[in-house]
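Chains Z and D supply the protein sequences, listed in that same order. The numbering of the first sequence is this note's numbering, which starts it at 1 and goes up by one. The numbering of the second sequence is this note's numbering, which starts it at 1 and goes up by one.
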Amino acid sequence: MNTLLHYLGEYFGTSANWTGPGGIPTRLREHFGYTVLALGLAFGIAFPLGLWTGHTGRGGAVVTLIANSARALPTYGLLVLLVVLSGIGLVPVLIPLLALAIPPILLNTYEGIRGVDPALTDAARGMGMTRRQVLFGAQLPVALPLILVGTRTAAVQIVATATIAAAVSFGGVGRPIVDGLARNDYTLVVGGAALAAVCSLVVLAIFAGLRRLLVSPGLR
Amino acid sequence: MNLGIPSYLGSFTELLVDHLAMALGASLLGLVVALPLGLLCVRRPQWYPPVLAGASVLYSIPSLAFFVLLIAFTGISRTTVVIPLAVYTLAVLIPNVVDGLRAVPESVRQSATAMGYSETRRLLTVDLPIALPTVLAGLRVATVANISMVSVGALIGMGAFGSLFTAAVQLDRLGLAITGIVVTVVMALVVDAALLGVQWLATPWLRRTRTQGRTRTQGRTRTQGRTRRSAR
């Protein structure tokens, strides 16, 4: 424990680590930048798909299959596969990020909409709501907690995968970890790990905040 | 079986045993801790929210970061890989254990007590078997995730089949990466099926009537929202 604290103090205490292209702010910016990008893309693809399959009820088996098989895929393996195939860059890292982030969002959106009480949907239709109004006015708000959980899962997955991506020359908070391991410099390693933990905690906090903001008080 | 694996990585069997030992060991460790912890949360419901919150926080720590932080305590060893995976298993299992135990019908519990079952005996011979499908559903999810996450251990040199990925980058061999991915996925599918088999064997009362059991508890509880975790 003392060793850990020592390394932490050394990493965060050295002012050189706070500036420049390898500094903490840069690493955090890189990491969050890619996280937001990947999450946005994944959400943009999975959310409408989930809404459609949930609302119409079609494609449930496919959704479950996709979700279950994604869990078995090794992150490191996917990253290496794409990098050996197409070299180092943004797209080879983005594809595994999307592949691992889309299933939770898709599954949870589908399950969320499917899980809406049929009586509610019936009442909405009975009130004369159009199909779109039923989906967005009645079903979506009820499904929202589950959708947020799925999106949070995806976000945490992206943060973790981006950390591992440093092993294939990605930047972000995994960079000090991988570099430190290579040089036996445990200050870097522990510092990077602490940053990674901070990133995931920030993600959790953001989603807790989103939950308070977006989910209707009657559902909490 | 050779599969083009460079000999310095070890034989296919060695890698297989290593990989499964770490993944299944972590699952078992997580289960062993989750059962009493889940029981505590059922008996004392006020503990459930904090335990759950703590588990969620630990669950969100990226696997590489978790491995690396443990190096200070357990060095570079298989234990360093197994402990975080066990923690992740724990985080997946606790809600399943709690939900499974809570799903035991009160009438059944009271009948057992009325028949003279002691608390412990009732727990072991009535509650747990009824909760088994739910718990096993979580265990399957967690074990599949563990199998894929052991590969990340390759970044600290303890990755079993994950070492194929490192070699693929170093030797620029696409085939190795594909082999690694396929082997991991096949392992996960086989172990998943085996656990389903265990469940089938352990719950004969669910086999007898065709109307209940199989699809009721599987797939609903706790397989939602936990679909990520193929590796972190």
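Cβ atoms here follow ideal geometry from the backbone N, Cα and C, with glycine treated the same way. These figures come from a predicted structure and were not determined experimentally.
* Have a look at residue 7/Z and residue 67/D and give me their C-alpha separation to the nearest angstrom. => As a first step, residue 7/Z must be located in the first sequence, where it is residue number 7. As a first step, residue 67/D must be located in the second sequence, where it is residue number 67. Between residue 7/Z and residue 67/D, the C-alpha separation is close to 16 angstroms.
* Asked: Under 9 angstroms Cβ-Cβ, which residues of chain D neighbour residue 81/Z?
  -> The residue labelled residue 81/Z in the question sits at position 81 within the first sequence. The CB of residue 81/Z comes closer than 9 angstroms to the CB of 165, 168, 174, 177, 178, 180 and 181 in chain D, given here in chain order.
* Residues of the region 53-86 of chain D with Cβ closer than 9 angstroms to any Cβ of chain Z, in chain order -> Under the 9 angstroms Cβ criterion, the region 53-86 of chain D contributes 56, 57, 59, 60, 61, 62, 63, 64, 65, 66, 67, 68, 69, 71, 72 and 73.
* For residue 17/D, is the classification buried or exposed, using 16 other Cβ atoms within 10 angstroms of its Cβ as the cut-off for buried? -> For the purposes of this step, residue 17/D is identified with residue 17 of the second sequence, where counting begins at 1. Residue 17/D counts as exposed, since fewer than 16 other C-beta atoms from the protein chains shown sit within 10 angstroms of its C-beta.
* To do: Using a Cβ-Cβ cut-off of 8 angstroms, state whether residue 94/D counts as contacting chain Z.
  => Position 94 of the second sequence holds residue 94/D. Cβ-Cβ to chain Z under 8 angstroms: no for residue 94/D.
* Would you be able to state if there are at least three C-beta pairs under 8 angstroms between the region 140-151 of chain D and the region 86-99 of chain D? => The region 86-99 of chain D is in contact with the region 140-151 of chain D.
* Asked: When the Cα atoms are used, what is the spatial distance from residue 53/Z to residue 154/D?
  -> The count along the first sequence starts at 1 and reaches residue 53/Z at position 53. The count along the second sequence starts at 1 and reaches residue 154/D at position 154. In this structure, the alpha-carbon of residue 53/Z lies about 38 angstroms from that of residue 154/D.
* Asked: So what's residue 103/D in DSSP terms, helix, strand or just coil?
  -> Numbered from its first residue, the second sequence carries residue 103/D at position 103. Coil at residue 103/D, not helix or strand.
* Asked: Around the Cβ of residue 20/D, are there at least 16 other Cβ atoms within 10 angstroms (buried) or fewer (exposed)?
  -> Counting from 1 along the second sequence, the entry for residue 20/D is found at position 20. With 16 or more Cβ atoms within 10 Å of its Cβ, residue 20/D is classed as buried.
* Asked: Any chance the region 121-131 of chain Z sits against the region 160-174 of chain Z, with 3 or more Cβ pairs inside 8 angstroms?
  -> Too few Cβ pairs lie closer than 8 angstroms, so no.
* **Of the listed residues 190/D, 174/D, 38/D and 200/D, nearest to residue 230/Z (C-alpha basis)** => With chain Z covering only 1 through 220, there is no way to say anything about residue 230/Z.
* Asked: Would DSSP call residue 219/D helix, strand or coil?
  -> Locating residue 219/D in the second sequence gives position 219, where the first residue counts as 1. Its pLDDT being 48, under 50, residue 219/D is placed unreliably by the model, and the measurement read from it follows with that caveat. Taken through DSSP and simplified to helix, strand or coil, residue 219/D comes out as coil.
* To do: Compute the distance between the beta-carbons of residue 95/Z and residue 45/Z, then report whether it is under 8 angstroms.
  => Counted from its first residue, the first sequence places residue 95/Z at position 95. Counted from its first residue, the first sequence places residue 45/Z at position 45. The answer is no: Cβ separation not under 8 angstroms.
* residue 120/D, buried or exposed, once every other Cβ within 10 Å from all chains shown has been counted against 16 -> For this step, residue 120/D is matched to residue 120 along the second sequence. Counting the other CB atoms within 10 Å of its CB gives residue 120/D a total below 16, which places it among the exposed residues.
* Assign residue 206/Z to one of two classes, buried (16 or more other C-beta atoms within 10 Å of its C-beta) or exposed (fewer than that). => If you number the first sequence from 1, residue 206/Z lands on position 206. Exposed: under 16 other Cβ atoms inside 10 Å.
* Under 8 angstroms by Cβ, that's how I've got residue 148/Z and residue 211/Z pegged, so tell me the actual separation to the nearest angstrom. => Locating residue 148/Z in the first sequence gives position 148, counting from the first residue. Locating residue 211/Z in the first sequence gives position 211, counting from the first residue. Their Cβ separation, rounded to whole angstroms, is 6 angstroms, which keeps residue 148/Z and residue 211/Z in contact under 8 angstroms.
* **the region 189-206 of chain Z contacting the region 56-67 of chain D, beta-carbon criterion three pairs below 8 angstroms** => Three or more beta-carbon pairs drawn from the region 189-206 of chain Z and the region 56-67 of chain D are found closer than 8 angstroms, and the two stretches are therefore classed as touching.
* Okay, do the region 99-106 of chain D and the region 128-137 of chain D touch, 3+ Cβ pairs below 8 angstroms being the bar? -> Taking 8 angstroms as the limit for Cβ pairs, the verdict is that the region 128-137 of chain D does touch the region 99-106 of chain D.
* To do: Report the three-state DSSP secondary structure of residue 112/Z (helix, strand or coil).
  => One-based indexing of the first sequence puts residue 112/Z at position 112. Of the three classes helix, strand and coil, the one that applies to residue 112/Z here is helix, per DSSP.
* To do: Using the Cα positions of residue 220/D and residue 63/Z, report the straight-line distance between them to the nearest angstrom.
  => What you label residue 220/D is simply residue 220 of the second sequence in a count that begins at 1. What you label residue 63/Z is simply residue 63 of the first sequence in a count that begins at 1. Any reading at residue 220/D is ruled out, since the residue's pLDDT is 49, under 50, leaving its predicted position unreliable.
* Asked: For residue 169/D, which residues of its own chain have a beta-carbon under 6 angstroms away from its beta-carbon, when the five flanking residues on both sides are left out?
  -> For the purposes of this step, residue 169/D is taken as residue 169 along the second sequence, with counting starting at 1. Hits under 6 angstroms: none found.
* Asked: Are the Cβ atoms of residue 158/D and residue 76/D separated by less than 8 angstroms?
  -> Here the question's residue 158/D lines up with position 158 in the second sequence. Here the question's residue 76/D lines up with position 76 in the second sequence. In terms of Cβ geometry, residue 158/D and residue 76/D form a close pair [threshold 8 angstroms].
* Asked: Mind checking if residue 151/D is an interface residue toward chain Z, Cβ cutoff 8 angstroms exclusive?
  -> Counting from one through the second sequence, the residue named residue 151/D turns up at place 151. Taking CB atoms only, residue 151/D has a neighbour in chain Z less than 8 angstroms away.
* To do: Classify residue 142/Z as helix, strand or coil using the three-state DSSP reduction.
  => Along the first sequence, read from residue 1 onward, the residue named residue 142/Z stands at position 142. Note: residue 142/Z maps to helix in three-state DSSP.
* Kindly indicate if chain D contains any beta-carbon less than 8 angstroms away from that of residue 77/Z. => Counted from its first residue, the first sequence places residue 77/Z at position 77. Output row for residue 77/Z: interface = yes.
* To do: Would you mind reading off the limits of the alpha helix (DSSP H) that contains residue 205/D?
  => Taking the second sequence and counting its residues from 1, one reaches residue 205/D at position 205. Per DSSP, residue 205/D belongs to the alpha helix (DSSP H) from 204-208.
* To do: Please compile the residues from chain Z whose C-beta is within a distance smaller than 7 angstroms of the C-beta of residue 15/D.
  => Within the second sequence, numbered from 1, the residue matching residue 15/D stands at position 15. Under the 7 angstroms cutoff, chain Z gives no residues; its nearest Cβ is about 13 angstroms from residue 15/D.
* Asked: How would you list, in chain order, the residues of chain Z whose beta-carbon sits under 8 angstroms from the beta-carbon of residue 206/D?
  -> The count along the second sequence starts at 1 and reaches residue 206/D at position 206. Residues of chain Z passing the Cβ test: none, with the nearest at roughly 21 angstroms.
* **Interface flag, residue 221/D vs chain Z, CB-CB below 8 angstroms** => For the purposes of this step, residue 221/D is identified with residue 221 of the second sequence, where counting begins at 1. Confidence in residue 221/D is poor, its pLDDT being 49 and thus under 50, which makes the residue's placement unreliable; the coordinate value appears in the next sentence. False, the Cβ-Cβ gap to chain Z never drops below 8 angstroms.
* According to DSSP, is residue 50/D helix, strand or coil? -> Indexing the second sequence from 1 puts residue 50/D at position 50. Here residue 50/D sits in helix by DSSP.
* **residue 186/D, buried or exposed, once every other Cβ within 10 Å from all chains shown has been counted against 16** => Sequence index remark: in the second sequence, residue 186/D carries index 186 (1-based). In summary, residue 186/D is exposed, with fewer than 16 beta-carbon neighbours lying within 10 Å of its beta-carbon over all protein chains present.
* Inter-stretch contact (C-beta, 8 angstroms, three-pair minimum) for the region 24-43 of chain Z and the region 100-115 of chain Z -> As far as the Cβ criterion goes, the region 24-43 of chain Z touches the region 100-115 of chain Z, which means the pair count is three or higher.
* **Residues that residue 189/D contacts on chain Z, provided the C-beta gap is smaller than 8 angstroms** => Mapped onto the second sequence, residue 189/D falls at position 189. The contacting residues are 72.
* **Contacts of residue 144/D in chain Z (Cβ-Cβ under 9 angstroms)** => The count along the second sequence starts at 1 and reaches residue 144/D at position 144. 68, 71 and 72, listed in chain order.
* **Reference residue 128/D, options 183/D, 141/D and 96/D, closest by Cα** => Counting from one through the second sequence, the residue named residue 128/D turns up at place 128. Closest in C-alpha terms to residue 128/D, from the list 183/D, 141/D and 96/D, comes 96/D.
* DSSP state of residue 74/Z, grouped into three classes? -> Along the first sequence, one-based indexing puts residue 74/Z at 74. Residue 74/Z: coil per DSSP, three-state reduction.
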